[in-house]
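Taken in order, these protein sequences are the chains called A and B.
Quick note on numbering: the first sequence equals residues 23 to 555 in the numbering used here.
Quick note on numbering: the second sequence equals residues 14 to 334 in the numbering used here.
Working notes, beginning with the structure itself.
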Amino acid sequence: MSLPTQDVPPPLPPAITDRPVLEADGVVKRFAGVTALDDIRFRLRPGESHALMGENGAGKSTLIKVLTGVYQPDEGELRFAGAPVRFAQPLDAQRAGVSTIYQEVNLIPLMSVAQNIYLGREPRRLGLIDYRRMNADARDLLSTYGIRVDPARALRSLALGVQQMVALARAVSINARVVIMDEPTSSLEAKEVETLFRVIGLLREQGIAILYVSHRMDEIYRVCERVTVLRDGRVVHVGDLDELPRRELVSLMLGRTVERSGGQTAFADEGHTTAAPPVLVATDLSRRHQIQDISIDIRPGEVVGLGGLLGAGRSETLKAMAGVMQLDRGSVQVEGKTVRPGSVPAAIRAGIVMLPEDRKSEGIVPELSVRDNIVLAALPRLSRAGFSSKRNQDAVVDVFMRRLRIKASSPDQAVSELSGGNQQKVMIARWLAMSPKVLLLDEPTRGIDVGAKAEVQALIDELAAEGLAIVLVSSEVEEVVEGAGRMVVLRDGRVETELTGDEVDEAHYLAAIAGETPHQPGAAPDEEQGETP
Amino acid sequence: MSTVTIALPRRGSALRFAQRYGVYGALVLIFGYNLVFTANFFTLANFRTQFVQVIPVLIVALGMALVIGTEGIDLSVGASMAMAAAVLPLYLGYGFFPAAIVALVAVAMIGVINGTLVAAVGVQPIVATLALMVAGRGLALVVSGDQSKTVLDPVLLELSRGSIGGVLPYTVLLGAVLVGIIAVLVNLTTFGKQLVAIGGNRRAAELAGLPVRRILLLVYIVSALLAGIAGLVGVARLSASVPSTLGNLIELSAITAVVVGGTPLAGGRVKIAGTVAGALLLQFISATLIKNNVPDAISQIVQAAIIVVAVFIQRSRQVTR
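In structure tokens form, the structure reads like this:
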């Protein structure tokens with residue numbers, strides 16, 4: 023393999039390749055007293071492709087930011103090629119040879135490809151930029167990665183995948199010895215992903231170390247040879263991926279021990295097989311890069327857990343059903359009637375309501391009172407001829423404040439002054455006031471205290487018992503497994519499998535998340551779509 | 014206003030107090046100053062003059078308050094005034110009221126365009142209304158043939174000069190009625206609640222199924238209509254239609270009145286009483302400066318200083334929260 027010699031550091035002699043190029047030793051990072059990273063020991067060897075795994079809040083992005091100079095560690099040290107370093111700012115890390123490729127390309131869209139690659143170090147002739155040479159160099163450089171584009175074209179006229187290659191080419195041509203890729207494939211087409219993987223292979227041959235962050239298991243196992251798993255700010259595992267079955271990787275990430283999944287668990291389910299016809303039928307919900315052919319149906323009185331790792335498409339599926347997200351394909355029916363897709367008011371009218379994941383930015387209106395927040399969606403119903411009726415509102419607000427035990431000094435208190443748990447109850451009250459048929463809950467107990475959490479969980483059961491159809495998404499394994507009577511497990515934006523009856527337990531769930539589905543239970547209609555390419 | 018801030022014990026609560034009631038305190042201060050230093054200030058004639066003069070700014074500020082409540086801004090209000098002034102004389106042959114209605118319909122179109130750009134196309138309010146600020150006045154000049162016209166319609170003259178019992182001028186009555194209507198709209202209707210919710214958290218409002226686009230469109234139409242009414246008042250006062258200058262820079266006074274009155278530029282709250290007080294404060298400050306022979310240039314600097322102080326106080330809210 024002949025490699026371009028220009029701007030690329032020569033491959034390191036084999037003698038030192040076992041010495042880590044980038045190390046973190048005893049790194050601690052705290053934010054306002056909260057420890058985000060605790061005694062992190064991390065090694066990255068030249069030429070290796072190393073996966074960094076962990077669920078939300080595990081500390082992945084904090085570690086990346088420490089490694090790239092965005093944050094400085096409170097304790098511990100970083101070493102680059104064996105020597106202690108201190109990156110005071112991202113530019114320092116970049117100069118040292120640590121480049122980062124973000125999900126979103128951070129280049130200058132209006133400049134040409136060549137200009138982007140050589141920005142700040144343009145080849146010059148007689149003091150002026152030598153465009154001809156710059157374009158020729160850029161073309162050569164890109165062609166070594168199998169990319170053929172006109173380097174004089176504006177960057178933004180290229181496909182996102184190609185733009186990312188340009189970013190990569192720029193990073194490597196500067197002098198990168200470490201390239202950190204944060205979810206690099208999240209917006210790429212399948213073909214572009216192949217190109218990226220080929221380029222990663224080429225980079226590794228040059229002795230460049232890759233730190234690869236992704237939620238997609240298949241990619242990790244294809245591209246990476248070693249893995250560091252973080253959980254709650256600590257390193258819980260370092261090792262070769264060959265020797266680590268997927269299911270164990272998942273259980274390391276989630277902090278759950280996996281028993282042999284023989285299906286013999288003591289979990290005696292009370293048999294949720296209601297004969298009632300489904301109230302909601304979602305068919306083939308698809309949205310590019312996010313979800314593919316997801317079909318789910320939910321019966322009245324049922325709590326369906328929507329499982330999977332972060333990025334598997336859980337929230338997206340809820341959003342698709344709630345009309346928040348536009349669909350490329352697929353339909354949602356409530357009691358046999360098709361709901362107009364991509365319209366929140368249409369979904370609400372049909373009886374589908376969603377408690378959004380991010381209470382602060384998508385749920386509460388902080389300026390408004392508890393009363394106004396509860397009645398926000400129901401306002402038109404509680405009004406006469408456009409005039410809001412305080413008496414009608416008070417009746418509703420009173421009922422729900424009492425039923426959900428919302429602790430506020432009065433309905434007129436600003437909602438922003440309430441605790442997280444009470445804010446969440448206000449949000450639930452907002453939707454119950456609409457007398458919905460289907461309640462979609464996205465992380466209903468995130469960020470609320472233990473007491474409120476138990477109350478919300480009890481409320482979910484109670485509402486289901488009253489005949490409401492509920493879909494529950496939660497990153498907490500225990501919460502979904504215990505709360506749901508049936509589970510639909512997603513992986514990489516598709517339905518991986520469905521768990522029913524006594525299969526709804528941690529062992530089966532973790533196996534499903536990891537993509538190890540030994541047998542398909544029952545003849546679920548999802549099965550057929552599950553395998554389409 | 015700053016003295017009030019220091020006098021109170023806690024910084025957070027002092028700031029909040031200044032946000033809510035600072036404008037009334039400032040109004041009291043300006044009255045107190047004039048009571049001592051300005052001759053012939055507390056006379057019925059003077060107050061009548063001040064109230065009549067403030068009406069156009071006040072009416073425009075009412076619409077502006079609604080727009081700012083949705084986290085928007087309307088820079089095209091001056092153009093809307095000019096449009097009303099340009100269209101009115103063309104139809105006076107049919108009588109004042111038909112002509113006024115035609116003028117307001119024309120003005121409403123400016124609101125429709127603003128609202129469509131903001132709500133449906135997704136253009137930032139400041140950009141959309143800046144475009145209409147320029148294009149709207151241009152259109153008004155085309156409609157009027159770039160000519161000022163003397164308007165001597167008897168109804169219009171009576172409206173501008175007449176009063177109830179020689180005490181309450183019709184224009185002031187008009188302003189009061191509009192204040193009442195907008196206050197009811199904001200505080201007692203579904204529309205008002207939804208408008209404020211959009212300004213407070215647009216994403217949450219969308220997810221709650223509110224007709225966000227329709228409400229935004231309506232808000233910009235209402236703002237344009239109110240500006241159009243202010244334009245008619247302006248024509249009445251001058252007994253002339255002067256589309257080239259009518260309403261120039263009025264958006265600044267209106268925005269100042271709204272912000273000084275306690276409606277945050279970040280939206281989520283609309284204070285109608287505060288807006289009225291804000292408009293009166295600006296009016297009395299400039300009257301005080303004039304009566305004390307302060308040059309006009311200085312009075313502009315004072316206005317600018319008030320804007321800065323008011324915005325500072327409003328911004329601090331986000332810091333203390």
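Here a beta-carbon is modelled for each residue, glycine too, at the ideal position from N, C-alpha and C.
No experiment lies behind these values; they were computed from the predicted model shown.
Flag this pair as touching only if the region 193 to 212 of chain B and the region 87 to 94 of chain B have three or more C-beta atom pairs under 8 Å; answer yes or no. no
Is it the case that the Cβ atoms of residue 135 of chain A and residue 198 of chain A are separated by a distance below 9 Å? no
Below 6 Å CB to CB, which residues in the same chain sit around residue 71 of chain B once its five sequence neighbours on both sides are set aside? 188, 292
Count the CB pairs spanning the region 127 to 138 of chain B and the region 278 to 293 of chain B that are closer than 8 Å, and state whether there are at least three. Flag = no, the region 127 to 138 of chain B and the region 278 to 293 of chain B do not touch.
Short of 8 Å in beta carbon distance, which residues of its chain neighbour residue 96 of chain A, apart from the five on each side in sequence? Order them along the chain. Excluding positions up to five away in sequence, the list reads 50, 51, 52.
How about residue 223 of chain B: is its C-beta nearer than 9 Å to some C-beta of chain A? yes
Considering Cα atoms alone, identify which of A:45, A:141, A:165, A:166 is closest to residue 115 of chain A. A:45
Cutoff 9 Å: residue 371 of chain A Cβ touching any chain B Cβ: yes
Give the secondary structure of residue 36 of chain A by DSSP, where H, G and I count as helix, E and B as strand, and everything else as coil. Unreliable positioning characterises residue 36 of chain A in this predicted model, as indicated by a pLDDT of 46, which lies under 50. A coordinate reading is not provided.
Run through the region 131 to 207 of chain A for me and flag every whole alpha helix (DSSP H) of 4 or more residues, listed as ranges in chain order. 135 to 139, 153 to 166, 182 to 196
For a test of the three-state rule: what should DSSP assign to residue 411 of chain A, helix, strand or coil? coil
Under 9 Å between C-beta atoms of residue 113 of chain B and residue 102 of chain B: no
The alpha helix (DSSP H) that contains residue 369 of chain A, what's its start and end? 366 to 372
Touching or not, the region 370 to 384 of chain A and the region 475 to 489 of chain A, by the rule of three or more beta carbon pairs under 8 Å? no
Counting only Cβ-Cβ distances shorter than 9 Å, please list the residues of the region 219 to 250 of chain B near chain A, keeping chain order. 219, 220, 221, 222, 223, 224
With a threshold of 9 Å between beta-carbons, can residue 336 of chain A be considered close to chain B, or not? It does not; no Cβ of chain B falls within 9 Å.
Three-way DSSP call (helix, strand, coil) for residue 246 of chain B in this model: helix
Where residue 233 of chain B sits in the DSSP three-state scheme: helix
Quick one: residues in its chain with C-beta nearer than 7 Å to the C-beta of residue 65 of chain A, no 5 flanking neighbours on either side, listed in chain order? A distance below 7 Å between beta-carbons, with the five flanking residues on each side excluded, links residue 65 of chain A to the following residues of its chain, in chain order: 42, 45.
What in chain B is Cβ-close to residue 409 of chain A, meaning under 7 Å? Using a Cβ-Cβ cut-off of 7 Å, residue 409 of chain A is close to 201, 202 of chain B, given in chain order.
Inter-residue spacing [alpha-carbon to alpha-carbon] between residue 229 of chain B and residue 156 of chain A: 50 Å
What residues of chain B sit near residue 346 of chain A, judged by a beta carbon separation below 9 Å? Within chain B, the C-beta atoms nearer than 9 Å to that of residue 346 of chain A come from 219, 220, in chain order.
Proximal residues, the region 383 to 399 of chain A versus chain B, C-beta separation under 9 Å: Residues of the region 383 to 399 of chain A whose Cβ lies closer than 9 Å to any Cβ of chain B, in chain order: 383, 384, 385, 386, 387, 388, 389, 390, 394, 395, 397, 398, 399.
Got a sec: is the Cβ-Cβ distance from residue 32 of chain B to anything in chain A below 9 Å? no
With H, G and I counted as helix, E and B as strand and the rest as coil, what does DSSP make of residue 557 of chain A? Missing from the structure shown is residue 557 of chain A; chain A here goes from 23 to 555 and no further.
Fully enclosed by the region 316 to 356 of chain A, which beta strand (DSSP E) runs are 3 residues long or longer? Runs of the beta strand (DSSP E) inside the region 316 to 356 of chain A: 325 to 329, 351 to 356.
Sorted by chain position, which residues of the same chain lie with C-beta nearer than 8 Å to residue 246 of chain B's C-beta, five sequence neighbours on each side aside? Only 68, 69, 72, 173, 184, 187 meet the Cβ criterion.
Of the residues A:398, A:501, A:516, which one's Cα is nearest the Cα of residue 217 of chain B? A:398
If you measure from the beta carbon of residue 356 of chain A to each beta carbon in chain B, is any gap under 9 Å? no
Residue 243 of chain A and residue 71 of chain A - do their beta-carbons sit closer together than 9 Å? no
Residue 272 of chain A beta carbon less than 9 Å from that of residue 536 of chain A: yes
So with CB distances below 7 Å, who are the chain A contacts of residue 150 of chain B? Near residue 150 of chain B there are no residues of chain A at all, since even the closest Cβ is about 33 Å away, more than 7 Å.
In chain order, what residues of the same chain have a beta carbon less than 6 Å from the beta carbon of residue 319 of chain B, not counting five sequence neighbours either side? Closer than 6 Å at Cβ, skipping near neighbours: no residue.
Close Cβ partners of residue 106 of chain A (< 8 Å) along its chain, the five nearest in sequence each way excluded: Closer than 8 Å at the Cβ level, and outside the excluded window around residue 106 of chain A, lie 99, 100.
Considering only residues of the same chain and omitting the five flanking positions on each side of residue 316 of chain A, which have a CB-CB separation below 6 Å? Taken in chain order, the residues that qualify are 307, 339, 517.
Between the region 387 to 406 of chain A and the region 426 to 438 of chain A, are three or more C-beta pairs nearer than 8 Å? Three or more beta-carbon pairs drawn from the region 387 to 406 of chain A and the region 426 to 438 of chain A are found closer than 8 Å, and the two stretches are therefore classed as touching.
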